[in-house]
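Trainee:
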Amino acid sequence: MTSGKALQDPHGFDPEIRQIEQEIVEFFAETDPEFSGRHPIIVTVMAYFYIRRNLTQRDLQNLTGFSAGTISKSVRQLVDINMVTKEVIPGTHEHIYKMEELPFMSARIFLRTIKLLEELEEELKKTKDTLDTHAEEMQNLNGYQRIYTITTQLLRIIPPSQMIVTLIEKELKFTKTSQ
Amino acid sequence: MKMEDSKPHNIEEKLRTIEKRLIDILKNFGYLKGRSSKISEIAAYLYVHQEVTQKILRKLTGYSLGTISTALRALEKRGHARRYRDPDTREYHYELNGTLLQITSRSVPDVQRYFSQMREFFGGIEAKISRPYIPEKRGYENIRQFLNEMNDIIPAYEHALQEIRTMTLNIKQEAR
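Sequences listed follow chains R and B, in order. Each residue of the first sequence is one higher than the last, beginning at 1 in the working numbering. Each residue of the second sequence is one higher than the last, beginning at 1001 in the working numbering.
#1: Taking one C-beta from the segment 1082 to 1090 of chain B and one from the segment 1101 to 1111 of chain B each time, how about it: are there three or more such pairs within less than 8 Å?
#2: Spatial neighbours of residue 62/R within its chain, please: CB distance less than 8 Å, with the 5 preceding and 5 following residues excluded, ordered by chain position.
#3: Measuring CB atoms only, is the segment 1036 to 1049 of chain B touching the segment 163 to 174 of chain R, in the sense that at least three cross pairs come out at less than 8 Å?
#4: Does the structure place the segment 10 to 19 of chain R close enough to the segment 1134 to 1154 of chain B that three or more beta carbon pairs sit under 8 Å?
#5: Give a yes or no on whether the C-beta atoms belonging to residue 1091/B and residue 1053/B are separated by under 8 Å.
#6: So, at 6 Å on beta carbons, what are the nonlocal neighbours of residue 78/R in its own chain, with the 5 sequence-adjacent residues on each side left out?
#7: With a threshold of 8 Å between beta-carbons, can residue 1110/B be considered close to chain R, or not?
#8: Could you tell me which chain B residues have their CB closer than 9 Å to the CB of residue 59/R, listed as they occur along the chain?
#9: Can you list the residues of chain R that residue 1064/B reaches, using a CB-CB cut of under 9 Å?
#10: Considering only C-alpha positions, which residue in the set 1022/B, 1098/B and 1015/B is nearest to residue 1076/B?
#11: Note down the Cα distance separating residue 13/R from residue 1134/B, rounded to an integer number of angstroms.
#12: Comparing alpha-carbon positions, which option in 107/R, 69/R and 64/R lies nearest residue 25/R?
#13: Residue 51/R CB to nearest chain B CB: under 8 Å?
#14: For residue 1132/B, count the other beta carbons within 10 Å of its own beta carbon; 16 or more makes it buried, fewer makes it exposed. Which is it?
#15: Kindly indicate which three-state DSSP category residue 62/R falls into: helix, strand or coil?
#16: Counting only the same chain and skipping the five closest in sequence on each side, list residues whose C-beta sits under 6 Å from that of residue 1150/B.
#17: Quick one: which chain B residues come within Cβ less than 7 Å of residue 120/R?
#18: Quick check on residue 108/R - is its C-beta less than 8 Å from some C-beta in chain B?
#19: Between which two residues does the alpha helix (DSSP H) holding residue 1049/B run?
#20: Just tell me which of 52/R, 32/R, 177/R and 114/R has its CA closest to the CA of residue 1138/B.
#21: State the beta-bridge partners of residue 98/R as determined by DSSP.
#22: Please identify the residue among 1011/B, 1120/B, 1101/B and 1068/B whose C-alpha is closest to the C-alpha of residue 1041/B.
#23: Quick one: is residue 93/R near chain B, going by C-beta distance under 8 Å?
#24: From the DSSP secondary-structure annotation, give me the bridge partner or partners of residue 1094/B.
#25: From 35/R, 103/R, 39/R and 45/R, pick the residue whose C-alpha is nearest to that of residue 22/R; which is it?
#26: Along the chain, where does the alpha helix (DSSP H) containing residue 74/R start, and where does it finish?
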């Protein structure tokens, strides 16, 4: 997805290193969307953060060749999902976006996911209670059975999801401590 | 339960509120995974309604037919949706390809395949940056740090995913 034209490198990377970096970015842009459903544009932006860690919107425009609007939308989403943080560059009105840790190993992202799943489980249990309590009045309404099924299926998905996040977190902690 | 809750229109309203909330939950999950909010919303409608047409989705979301068609094609490609043509109206209907539970449980082997693909790819990158003159070059440290972290992440994920797969297989065997 990266533009073919020779773009200015914001950090002065050597052309040979830049070539290797582009291979990495293209690998993610080609493979990640199929597996995660993310758009190649956001994957490209994420991949530059994996390597450079600190980037401005202007840096990202130079690296990717994407428009200012596209970059702005992508970094907004990355901030929204806690993948990067946003800070003002002192003495300017420009922002710098920082990826502290790769999202695959970010304790912050793992904790947020666990908390979110706990809250969701709580809410879905209450929803199921409401559907059970009003079953008699609701069961002939269009979609009741479908809504009930989705609620119970989501409730069944949550414990394995919590387990997956906890297992990966445990494995990563083990890797860090055994070094 | 309050008295007015029993009134038919309040009960209908309550059910529609729940339905809307389920769509919001699923949409939010898609967005948190880094998918676009439009695609996440269209996927959420398919998950909750279980069968949709492009026209229905247009009415529900207000998005263009182009956006809807792209999102549905992506969902089909990922095995979440399948389509069939209504012989009377000749309109395509998109239905959920299995239950939500089946769709999510299919993803573990996909993630495993993805990590194995990563392992192979980063092996090639390691070979490139191990050339003797490369560490002198500007930007090398960034690539090195990234690869070091991936070298920790990939085995950790592979191990965790294998454990999950074994557990899932055991649960399935016990259920038989």
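Beta carbons: idealized from backbone N, C-alpha and C, even for Gly.
Mentor: So, to answer that:
#1: no
#2: Cβ within range, chain order: 7, 8, 9 and 10.
#3: no
#4: yes
#5: Yes.
#6: 84
#7: The beta carbon of residue 1110/B falls within 8 Å of a beta carbon belonging to chain R, placing the residue at that interface.
#8: Chain-order list of chain B residues neighbouring residue 59/R: empty, with the shortest C-beta distance near 13 Å, by a criterion of under 9 Å.
#9: Ordered by position in chain R, no residue passes the 9 Å Cβ test against residue 1064/B, which lies about 16 Å from the chain.
#10: Nearest C-alpha to residue 1076/B: 1098/B.
#11: Spanning the two alpha carbons is a distance of roughly 12 Å.
#12: 64/R
#13: yes
#14: exposed
#15: helix
#16: 1122
#17: 1025
#18: So no, residue 108/R is outside the interface.
#19: 1037 to 1049
#20: 52/R
#21: 54/R and 85/R
#22: 1068/B
#23: no
#24: 1052/B and 1083/B
#25: When each option's Cα is compared against that of residue 22/R, the closest is 45/R.
#26: For residue 74/R, the enclosing alpha helix (DSSP H) starts and ends at 68 to 80.
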